[in-house]
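Trainee: Following this message is one structure expressed as C-alpha cells.
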Amino acid sequence: MIRGYTEEEFGTKLGAVLSASRPIHSIEYLKGRDKELETIKQSLYAPGRHVFIYGDRGVGKSSLGQTAAVQYQSASAAPVFVSGSPDDTFSTVIANIVTQALRQPRTESVKTTRSASVDLARVKMSAGTETSAVDIGDRIRSIGDAVALLEEVAEKREGNTAVVIDEFDTILDAGERNKFAALLKQMGDRSVNIKFIFTGIGKSLDELLGAHQSSYRQLEQVELPRLGWDARREIVQAAADAFEIDLDNDVNWRIAMVSDGFPYYIHLITEKILWGAFASDNEVSQIDSDLFLHGLGEAILSTAGELKRPYEKAVVHHPEMEDLVWATADHEDLIRSLDGIFQSYQVVIEKRGDGRQALERSRFASQLRKLKGAAYGAVLTQPERRQGLYTYTEKMLRGYVRMQAEANGIALSGERPAPRQAMHVGNARSGYRGPSIPRGVRTGKEVAEWDDSNR
Numbered sequence: 001m002i003r004g005y006t007e008e009e010f011g012t013k014l015g016a017v018l019s020a021s022r023p024i025h026s027i028e029y030l031k032g033r034d035k036e037l038e039t040i041k042q043s044l045y046a047p048g049r050h051v052f053i054y055g056d057r058g059v060g061k062s063s064l065g066q067t068a069a070v071q072y073q074s075a076s077a078a079p080v081f082v083s084g085s086p087d088d089t090f091s092t093v094i095a096n097i098v099t100q101a102l103r104q105p106r107t108e109s110v111k112t113t114r115s116a117s118v119d120l121a122r123v124k125m126s127a128g129t130e131t132s133a134v135d136i137g138d139r140i141r142s143i144g145d146a147v148a149l150l151e152e153v154a155e156k157r158e159g160n161t162a163v164v165i166d167e168f169d170t171i172l173d174a175g176e177r178n179k180f181a182a183l184l185k186q187m188g189d190r191s192v193n194i195k196f197i198f199t200g201i202g203k204s205l206d207e208l209l210g211a212h213q214s215s216y217r218q219l220e221q222v223e224l225p226r227l228g229w230d231a232r233r234e235i236v237q238a239a240a241d242a243f244e245i246d247l248d249n250d251v252n253w254r255i256a257m258v259s260d261g262f263p264y265y266i267h268l269i270t271e272k273i274l275w276g277a278f279a280s281d282n283e284v285s286q287i288d289s290d291l292f293l294h295g296l297g298e299a300i301l302s303t304a305g306e307l308k309r310p311y312e313k314a315v316v317h318h319p320e321m322e323d324l325v326w327a328t329a330d331h332e333d334l335i336r337s338l339d340g341i342f343q344s345y346q347v348v349i350e351k352r353g354d355g356r357q358a359l360e361r362s363r364f365a366s367q368l369r370k371l372k373g374a375a376y377g378a379v380l381t382q383p384e385r386r387q388g389l390y391t392y393t394e395k396m397l398r399g400y401v402r403m404q405a406e407a408n409g410i411a412l413s414g415e416r417p418a419p420r421q422a423m424h425v426g427n428a429r430s431g432y433r434g435p436s437i438p439r440g441v442r443t444g445k446e447v448a449e450w451d452d453s454n455r
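Sequential numbering from 1 applies to the sequence shown in full-length UniProt numbering.
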C-alpha cells in the first residue's frame, strides 16, 4: 500500500503525473525534449513560420506539439487542438479549427458577404448574428476562403493563437494534405497571426506534404527520435518521487531498456507498477524487482491491441519463432543486418538455458524472411534498396517485443555502446544521440550515473 491516499486521490494524482493514454500538455512532465521545445519556440517567433513535428509512432509528437502550443498561446484563450482522420478533407479541418477557435456551433453563425466577385464565409460573434444550417466547411471552396476565415479568427482572438493539427498523416487524400502547404504560404503573404503546429508519422516532410517544395520555407521541420536514456529514467524517477517512494536503480534501468525509448511504454509500465504498489497488502517504500515484473505483466495485458497483433500473429501459432522475434529487438540500431540478428539469436538461446538448440544460420535466415510476410504479422520490412538489412515495419512494436522477452526472463540489453554524436540531433540508426545502456547493468556491478549531456 501507499499510505496517505484514498483510491480516488491516488488515481487522480497518478493521472496527473503519468500520461500513457493522452498527450502531455505541461512542460513540467515533458522529459527529454528541451532542445526541441526551444527550437519550436524560436521558430514561432519568426513571422510566417510554422512547425511540423514528424517521426515514428509513439515517440511523443502529440505531447511535444501540445506543450509547445500551450507555451506559445496567449493567456487570454486556449490553443486550438484538432486531429486528422481518414475521412477528413482540407475544408473539414479548417472548419473544425474555426469553430473551436471561436467556440461557435459548427452549423451556426455563418453569414455570407459579397464583394465584387468573391463570396466569402464570414463568422460573426455578436448577439444579433444571423444563423443558418449551412456547415462552415461547405463554404470553403478555395484556399483563399480558408485564409479569409482564419484571418477573421485572428482578428477576434487577442494575442498569439496556436493551432495544433495532430495525426496529420491520417488524412488519406494526398491532394487534401498538399493544400495546407499552399495555405501556409498565403497566410504568410497576408500576415495572418495564427501559428500552425502539425504532427505526423513519417520519415520526411516530403512523405507527408508531398508537393509544394517552395512552401517548405514556411515550415520548421522537427524530427522527433526516441527518448534518450536520461529522459527515460527521469520519467520513472519523477513518478516515484511524487509518491515519496524509493526507486531501485536497477529497476529504473530495466524500464528504460524495455521501453525502447517510447514514452507510451515508460508511462504505462510505471503506471502499472505504482497501481501494484498501491494495491499491495504491505506498505511499499521502494519499487523493487517484484513490483517491476508485476507492473510489466500488467502493462503487456494493457498494451493497445494494434501494437500486440503483429507479435501475436508471428509467435502464437509458430512458437519456434519467439526466440527469433526477440532477437530482432536486441540491439539499439533500428536497421540491422542478418548477421547481427543471428548473433542476438544465439545469445537469446543461451539465455534460455533449457537445452534448446539454435537453428542453423541458413534455416535462421529462411525463418527471418518469413517475418516480412502478412502470415507472420509483417513484423519486419527491408529498408529501400538495402539488401540483407531489416527494420521493424512498426518501430513501436520493438518496445512490446522487449517487454515480452523481459517478462519471460530474457533481458534484451543490446550492450554495445553506440558512438556519441557531437551535435544534438537524432542518430539515423539508433535515435536520440545514439542511446546505449551503460555496461554493467544487471551484471552485479555498480552502475554509474549516466548523463547524456556530459559525453
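Here a beta-carbon is modelled for each residue, glycine too, at the ideal position from N, C-alpha and C.
Have a look at the DSSP bridge pairing and note the partners of Arg336.
Mentor: The partner list for Arg336 (beta bridge, DSSP) reads Tyr390.
Trainee: Hey, would you say Asn252 sits closer than 8 angstroms to Arg226, going by beta carbons?
Mentor: Not in contact: Asn252 and Arg226 (Cβ atoms no closer than 8 angstroms).
Trainee: Assuming Val325 and Val401 form a contact by the criterion Cβ under 8 angstroms, report the distance between their Cβ atoms to the nearest whole angstrom.
Mentor: Right, their Cβ atoms sit about 6 angstroms apart.
Trainee: Apply the 10 Å Cβ neighbour rule to Asn160 and answer buried if 16 or more other Cβ atoms are within range, or exposed otherwise.
Mentor: By the 10 Å Cβ count, Asn160 comes out buried.
Trainee: Pull up the distance between the alpha-carbon of Gly144 and that of Asp333, whole angstroms please.
Mentor: Cα to Cα, the separation comes out at about 46 angstroms.
Trainee: Kindly list the residues whose CB is nearer than 6 angstroms to the CB of Leu219, restricted to its own chain and excluding five residues on each side of it in sequence; keep chain order.
Mentor: Only His50 and Phe52 meet the Cβ criterion.
Trainee: From Asp88 to Val347, what distance separates their C-alpha atoms?
Mentor: About 48 angstroms.
Trainee: Let me make sure I understand the geometry here. Which of Arg363, Phe10, Thr39 and Ile335 has the alpha-carbon closest to that of Arg385?
Mentor: The option with the nearest alpha carbon to Arg385 is Ile335.
Trainee: Is Met396 buried or exposed, if buried means 16 or more other CB atoms sit within 10 Å of its CB?
Mentor: Looking at its Cβ environment, which holds 16 or more other Cβ atoms inside 10 Å, Met396 is buried.
Trainee: Does DSSP put Phe243 in a helix, a strand or coil?
Mentor: Three-state DSSP puts Phe243 in coil, outside helix and strand.
Trainee: Would you say Ala239 lies against chain C (beta-carbon separation less than 8 angstroms)?
Mentor: Reference to chain C is not applicable here, since this structure consists of a single protein chain.
Trainee: Using a 10 Å radius around the Cβ and a threshold of 16 neighbouring Cβ atoms, would you call Asn96 buried or exposed?
Mentor: Per the 10 Å Cβ criterion, buried.
Trainee: Which ranges does the beta strand (DSSP E) cover as unbroken runs of at least 3 residues, wholly within the region 67–94, from first to last along the chain?
Mentor: Counting only runs of 3 or more, we get 80–83.
Trainee: Leaving out five residues on either side along the sequence, give the residues of the same chain with a beta carbon under 7 angstroms from the beta carbon of Val147.
Mentor: So the qualifying residues of the chain are Leu183, Gln186, Met187, Arg190 and Val192.
Trainee: To the nearest angstrom, how far is it from the Cα of Asp173 to the Cα of Leu209?
Mentor: If I take the Cα positions, the gap works out to 11 angstroms.
Trainee: Please list, in chain order, all residues of the same chain as Tyr5 whose beta carbon is under 6 angstroms from its beta carbon, the five residues on each side excluded.
Mentor: No residues qualify anywhere along the chain.
Trainee: Just grab the DSSP bridge partners of Gln221 for me.
Mentor: Paired residues: Phe52.
Trainee: Given 8 angstroms as the limit, is there contact between the region 57–67 and the region 18–35, that is, 3 or more CB pairs closer than that?
Mentor: Yes: at least three Cβ pairs fall under 8 angstroms.
Trainee: What distance in whole Å lies between the Cβ atoms of Ala239 and Val17, which are believed to be in contact at a cut-off of 8 angstroms?
Mentor: Correct: roughly 5 angstroms between the Cβ atoms.
Trainee: Taking the alpha-carbon positions, what's the Asp281 to Thr270 distance?
Mentor: Roughly 19 angstroms separates the two Cα atoms.
Trainee: Should Val93 be labelled buried (16 or more other beta-carbon atoms within 10 Å of its own) or exposed?
Mentor: It is buried - the Cβ of Val93 has at least 16 other Cβ atoms within 10 Å.
Trainee: For the region 291–307 against the region 260–274, do three or more pairs of beta-carbon atoms, one drawn from each stretch, fall closer than 8 angstroms, so that the two count as touching?
Mentor: Yes, they touch.
Trainee: If you compare alpha carbons, which of Glu151, Phe278 and Asp339 is closest to Leu368?
Mentor: Minimum Cα distance to Leu368 is reached at Asp339.
Trainee: Given that a residue counts as buried once 16 or more other Cβ atoms are within 10 Å of its Cβ, and exposed if not, what is Asp166?
Mentor: Buried, because 16 or more other Cβ atoms sit within 10 Å of the Cβ of Asp166.
Trainee: What residues are listed by DSSP as bridge partners for Gly200?
Mentor: Note: Gly200 sits in a beta bridge opposite Tyr54.
Trainee: CB-CB under 7 angstroms to Ala428, same chain, minus the five flanking residues each way: which ones, in chain order?
Mentor: Its pLDDT being 43, under 50, Ala428 is placed unreliably by the model, and nothing is read from it.
Trainee: Straight-line CA distance for Gly388 to Gln382?
Mentor: Looking at the two C-alpha atoms, the distance is approximately 8 angstroms.
Trainee: Report the residue ranges of all beta strand (DSSP E) runs contained in full by the region 7–62; include only those spanning at least 3 residues, in chain order.
Mentor: With a minimum length of 3 residues, the continuous beta strand (DSSP E) runs that stay inside the region 7–62 are 50–55.
Trainee: According to DSSP, is Ala162 part of a helix, a strand, or is it coil?
Mentor: Correct three-state label for Ala162: strand.
Trainee: What is the residue span of the alpha helix (DSSP H) that Ser366 lies within?
Mentor: Unbroken alpha helix (DSSP H) run through Ser366: Arg361 to Lys370.
Trainee: Per the contact definition of three or more C-beta pairs closer than 8 angstroms, is the region 366–380 in contact with the region 310–323?
Mentor: Output reads yes: the region 366–380 touches the region 310–323.
Trainee: Among Ile140, Gln237 and Asp246, which one has its Cα closest to the Cα of Ala256?
Mentor: Selected option, being the one with the closest Cα: Gln237.
Trainee: Would DSSP call residue 474 helix, strand or coil?
Mentor: This structure cannot speak to residue 474, because the chain is shown only from 1 to 455.
Trainee: Given Lys13, which residues of its chain have a CB within under 8 angstroms of its CB, disregarding the five upstream and five downstream residues?
Mentor: If we look at Lys13 and ignore the five residues flanking it on each side, its Cβ neighbours are Tyr5, Ala242 and Phe243.
Trainee: In three-state terms, what does DSSP make of Ile2?
Mentor: In this structure, Ile2 counts as coil in the three-state DSSP scheme.
Trainee: Exposed or buried, what is Asp260 when buried is set at 16 or more other beta-carbons lying within 10 Å of its beta-carbon?
Mentor: Classification for Asp260: buried.
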